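In this note's numbering, the protein residues as written are 3 to 299.
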């Protein structure tokens, strides 16, 4: 006898509705990721003994400035990346679609590219180590990834492929029916791939970065934790993509051979491996890094 599949609980994607203004869990995930990530990064900067030469790479004031740079990088990179990688056709047909962020459509790979560009520009402006800055971001980033994937689950989006596993879930509830008039995921149970990603990309990567930073003191090897994060995300995403339903609009090649997420993640594995190699070989140690007193002057 087949097990009775689980059904998505009646999560409401809207946390609070005040007149025409809706506060959504997805938006809160972005805000919470930035806020909690900033709080954790601030704690890391206070522990200067963890950093090369016992100096934090940036000051608390510079961290506050960095948040705006990163937020813009996430939003612009995530949206542009989604359009280029997943939804270029409709936008070319109707360019105004590019501005409809409220309808969804953000790409992690685009977002991390935007963050990387923002981080490099920030490091050049303030003349700080881009590798240590990347390590700082890599330690905090899994917090936002975890919250974002949980929000995907609440929104009943980015569901997995069909499965007969006992934890397979039917992604349909009254809120989905109210929003679409039907259930886009269909009546069959699917892998809750959003939760797989929340665990691997969020909890596991945070734990790995935490152990490397606090137990093994690897922030003293600039770029190592950043490389582990980039490669680790690429590996985990490549694995989860085997259980995640490809976007409907993708070409058959990116559905049946290799998904777009896997293609982009393999590039991340290569870049992450290169960063790890540079860090372990000492090629990132000579990057100029001023003291907190010099930066505050």
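All C-beta atoms, glycine included, are put in the ideal place defined by N, C-alpha and C. In this text, all values refer to a predicted model and were calculated from it rather than measured experimentally.
Here the C-alpha atom of residue 180 lies approximately 14 Å from the C-alpha atom of residue 10. Uninterrupted alpha helix (DSSP H) stretches at least 4 residues long and entirely within the region 129 to 206 occur at 132 to 156, 176 to 182 and 195 to 199, given in chain order.
Looking at the DSSP output, residue 20 shares a beta bridge with 23.
In the DSSP assignment, residue 279 falls within the unbroken alpha helix (DSSP H) covering 262 to 282.
Secondary structure note for residue 81: its alpha helix (DSSP H) is the uninterrupted segment 62 to 88. By the criterion of a C-beta distance shorter than 7 Å, residue 162 is surrounded in its chain by 192, 193, 194, 195, 245, 246 and 247, once the five residues flanking it on both sides are discounted.
Secondary structure at residue 253: coil, using DSSP grouped into helix, strand and coil.
By the Cβ test, the region 199 to 206 is in contact with the region 150 to 157, since at least three Cβ pairs between them sit closer than 8 Å.
Proximity of the region 73 to 85 to the region 113 to 127 meets the contact definition, three or more beta-carbon pairs being nearer than 8 Å. When secondary structure is reduced to three states using DSSP, residue 93 falls in the helix class.
Out of 142, 8 and 48, the CA that lies nearest to the CA of residue 69 is found in 142. Between residue 144 and residue 207, the C-beta gap is smaller than 8 Å, which places the two residues in contact. When 107, 250, 238 and 280 are compared, the shortest CA-CA separation from residue 266 is found for 238. In terms of Cβ geometry, residue 75 and residue 125 do not form a close pair [threshold 8 Å]. Under the three-state reduction of DSSP, residue 259 is assigned to coil, being neither helix nor strand.
Annotation for residue 286: no alpha helix (DSSP H) segment contains it, and DSSP assigns it neither H nor E.
Remark: C-beta atoms of residue 135 and residue 59 approach each other more closely than 8 Å.
Spatial neighbours of residue 190 in its own chain (CB-CB distance under 6 Å, excluding positions within 5 residues in sequence) are listed in chain order as 164. Residue 18 and residue 89 have their C-alpha atoms some 30 Å from each other. Non-local C-beta neighbours of residue 38 in its own chain, meaning closer than 7 Å and more than five positions away in sequence, comprise 145, ordered along the chain. Per DSSP, the continuous alpha helix (DSSP H) segment holding residue 238 begins and ends at 226 to 242. Per DSSP, residue 37 has no beta bridge partner at all.
Note on geometry: alpha-carbon atoms of residue 209 and residue 47 lie some 18 Å from one another. Only exposed fits residue 41, as fewer than 16 other CB atoms lie within 10 angstroms of its CB.
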